[in-house]
Amino acid sequence: MNKKPVKRETVPPVVQTMTASAVHSRIHTLYPSLGAAAQRIADYVIEHSADVVHMSVTEVAERTNASEGSVVGFCKRIGATGFQQLKILLAQEIVRPVQLIHEDLQPEDDAGVVIRKIFQSNVQTLRDTQANLDVQAMEKAVRLIKSARRIEIYGSAARPASPRTRSTACCASGST
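Here our numbering runs 5 ahead of the position in the sequence shown, where the first position is 1.
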């Protein structure tokens with residue numbers, strides 16, 4: 006039985022653009038594409054982030070029943086350059102927790118505070134999205150869309166203008 010090895014796409018380091026909450030967000034985004042050992046490591050890192058920053062790669066490997074190479078590979082898979090970098094990012098997340106994405110508005114908040122909270126929420130969402138974007142996958146999607154003979158766009162009742170907007174944008178760019 007000659008099994009072909011599963012080719013996993015490598016994720017380029019995104020450390021420069023990762024926000025404090027992006028580590029956990031990136032793990033959650035990539036989780037379904039991770040192998041069994043990497044999922045065990047991911048589960049452990051998410052559940053024990055505060056402990057991981059004080060552990061060695063050997064300790065994490067032992068706690069997750071994985072090899073040291075699997076731990077380092079997991080770190081690279083999520084965009085860190087290695088285990089030490091993952092620990093630094095986790096420590097930053099613990100020391101400087103980002104503002105909650107959906108910060109609660111309070112009845113006593115004045116208009117300026119409401120505007121600030123909504124603005125910061127949207128900015129944080131954009132930063133997290135940017136940190137989790139797979140540029141290669143995006144480029145592949147663009148190539149596939151550009152080479153498609155036909156593109157159909159559907160929307161839900163909650164956002165009926167969305168497909169129309171996308172369709173208009175495609176037509177304006179010369180793609181129909």
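All residues carry an ideal CB built from backbone N, CA and C; glycine is no exception.
Short Cβ contact (7 Å threshold) for residue i with residue j
{"i": "T69", "j": "I46", "result": "yes"}
{"i": "I83", "j": "I32", "result": "yes"}
{"i": "V50", "j": "E98", "result": "no"}
{"i": "F79", "j": "A43", "result": "yes"}
{"i": "V76", "j": "V58", "result": "no"}
{"i": "D133", "j": "S30", "result": "yes"}
Minimum Cβ-Cβ distance from residue i to chain C less than 7 Å
{"i": "D133", "result": "This model lacks chain C altogether; it includes just one protein chain."}
Assigned secondary structure, residue i (DSSP; H/G/I helix, E/B strand, else coil)
{"i": "S54", "result": "helix"}
{"i": "Y159", "result": "coil"}
{"i": "A66", "result": "helix"}
{"i": "I83", "result": "coil"}
{"i": "G78", "result": "helix"}
{"i": "H184", "result": "One cannot answer for residue 184 here, as it falls past the ends of the chain, which runs 6 to 181."}
{"i": "R121", "result": "helix"}
Cβ-based neighbour list, residue i, same chain, cut-off 7 Å, excluding 5 preceding and 5 following
{"i": "T34", "result": "N137"}
{"i": "V119", "result": "L110"}
{"i": "S72", "result": "A66"}
Member of the options whose CA lies at the smallest distance from the CA of residue i
{"i": "D56", "options": "S75, K145, L91 and I158", "result": "L91"}
{"i": "E52", "options": "S72, I150, L95 and K145", "result": "L95"}
Cβ-based neighbour list, residue i, same chain, cut-off 8 Å, excluding 5 preceding and 5 following
{"i": "G87", "result": "V77, C80 and K81"}
Beta-carbon proximity list for residue i, same chain, < 6 Å, skipping 5 on both sides
{"i": "S54", "result": "L95"}
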